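Just so you know, the sequence shown maps onto residues 95 to 370 in our numbering. Ideal Cβ positions, reconstructed from N, Cα and C, are used throughout, including at glycine. These numbers were taken from a predicted model, which means no experiment stands behind them.
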Amino acid sequence: MTVVTRFAPSPTGELHLGHAYSARIAWQRAREAGGRFLLRIEDIDIRRSRREFEAAILEDLRWLGLDWDGEVRRQSEHFADYGRALDALDASGLIYPCFCTRADIAAATDAPHASLQGPDGPLYPGTCRHLPREERRSRLAVGEEHCLRLDAAKAAGEAGPYHFLDEARGRIEGQPMLFGDVVLARKDTPTSYHLAVTVDDHLQGVTLVTRGEDLLPSTHVHGLLQRLLGYETPRYAHHRLMTDAQGRRFAKRDRSLTLRALRESGKTPGDIFSLL
Ligand code: GLU
Numbered sequence: 095m096t097v098v099t100r101f102a103p104s105p106t107g108e109l110h111l112g113h114a115y116s117a118r119i120a121w122q123r124a125r126e127a128g129g130r131f132l133l134r135i136e137d138i139d140i141r142r143s144r145r146e147f148e149a150a151i152l153e154d155l156r157w158l159g160l161d162w163d164g165e166v167r168r169q170s171e172h173f174a175d176y177g178r179a180l181d182a183l184d185a186s187g188l189i190y191p192c193f194c195t196r197a198d199i200a201a202a203t204d205a206p207h208a209s210l211q212g213p214d215g216p217l218y219p220g221t222c223r224h225l226p227r228e229e230r231r232s233r234l235a236v237g238e239e240h241c242l243r244l245d246a247a248k249a250a251g252e253a254g255p256y257h258f259l260d261e262a263r264g265r266i267e268g269q270p271m272l273f274g275d276v277v278l279a280r281k282d283t284p285t286s287y288h289l290a291v292t293v294d295d296h297l298q299g300v301t302l303v304t305r306g307e308d309l310l311p312s313t314h315v316h317g318l319l320q321r322l323l324g325y326e327t328p329r330y331a332h333h334r335l336m337t338d339a340q341g342r343r344f345a346k347r348d349r350s351l352t353l354r355a356l357r358e359s360g361k362t363p364g365d366i367f368s369l370l
């Protein structure tokens, strides 16, 4: 089978050493297998994404010599694809509108013993899952702001048991309830990270997802969505995260570790790869 990998940065800042490490793994895995390495710009967060950052990402990758195959896919140009996936889930009764504000959710999850914890904090307590159909309809009719959530328990029933393969960790049983009723379309943008990544990896024919192990929990959601949408599940290679001398993860705040800054200080791509 041909190997298709991808690097999928969000254009909300400059690339740093951690990105170079991740991009290089994806590129190398594709190149050693004679496969394809794709570049995807994950710019669904329209408020935080900037074209300047996108241009800088492309330039940094070129400078590193990590050439990609085919066109760059920019997620903000594919909302219709995510919409089709939402329609399919809606047709199976697996999503529902949620009108809760952050404050509503905080109030509901603050009460002692009120909520289960997920990887990103308290799970959504399910308030809007129980709205009477009439109320739901009238709130939608007046255009009340809402996001769309997956009914995780129902989805889990529909999907049945599923698993994914992580190269370093082996077979991992899917935990459909790990993130609870995850958001699939946000109030401010008609998709979410989980949905867009799942749809794109499918549409782009990605066979091997290489990404940081901080995203391993998310793979439980992606595996579930793949099952529900009838997609193949790619292989996964969740790699360790690069950390600084204090053992902290590289983040956008570490300006001195951006590829830009390193390049300006005279480092060559060869120096960068030996730092990794
Ligand atoms: N866009 C995500 C990020 O920059 C990566 C998504 C993924 O690889 O699945 O962290």
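Point to revise | Under 9 angstroms between C-beta atoms of Y190 and C222 | key: Cβ distance < 9 angstroms, so Y190 and C222 count as in contact.
Point to revise | N-terminal and C-terminal residue of the alpha helix (DSSP H) that V293 is part of | key: That run of the alpha helix (DSSP H) goes Y287 to L297.
**Study point:** Cβ separation of R329 and L259, assumed to be a contact under 8 angstroms, to the nearest whole Å
**Key:** So it is a contact: roughly 5 angstroms between Cβ atoms.
Point to revise | Reduced DSSP category for A279 - H, G, I as helix; E, B as strand; rest coil | key: The DSSP-derived three-state label of A279 is strand.
Practice item. Assess, as a yes-or-no matter, whether the stretch 259-271 is touched by the stretch 151-162 under the definition of 3 or more beta carbon pairs within less than 8 angstroms. Key: The stretch 151-162 makes no contact with the stretch 259-271: fewer than 3 CB pairs, one atom from each, lie closer than 8 angstroms.
Check your understanding: Identify the residues that DSSP records as bridge partners of V315: which are they?
Key -> According to DSSP, residue pairing for V315 in a beta bridge does not occur.
**Study point:** The beta strand (DSSP E) enclosing L133, as first and last residue numbers
**Key:** Counting along the chain, the unbroken beta strand (DSSP E) around L133 starts and ends at R130 to I135.
Check your understanding: Would you say R168 reaches chain D, if we count a Cβ-Cβ gap shorter than 9 angstroms as a contact?
Key -> Absent from the structure: chain D. Only one protein chain is present.
Exercise for review: May I ask you to check if the CB of Y287 is nearer than 8 angstroms to at least one heavy atom of the ligand GLU?
Suggested key: Taking non-hydrogen atoms of the ligand GLU into account, the C-beta of Y287 is found less than 8 angstroms away from one of them.
Exercise for review: Over the uninterrupted beta strand (DSSP E) stretch that includes A331, give me the two end residues.
Suggested key: R329 to H333 is the span of the beta strand (DSSP E), which, as asked, contains A331.
Point to revise | Contacts around R233, its chain only, beta-carbon distance under 7 angstroms, and the 5 residues preceding and following it disregarded | key: Around R233: F193.
Point to revise | Endpoints, alpha helix (DSSP H) assigned at L180 | key: If you look at L180, you'll find it in the alpha helix (DSSP H) that goes F173 to A185.
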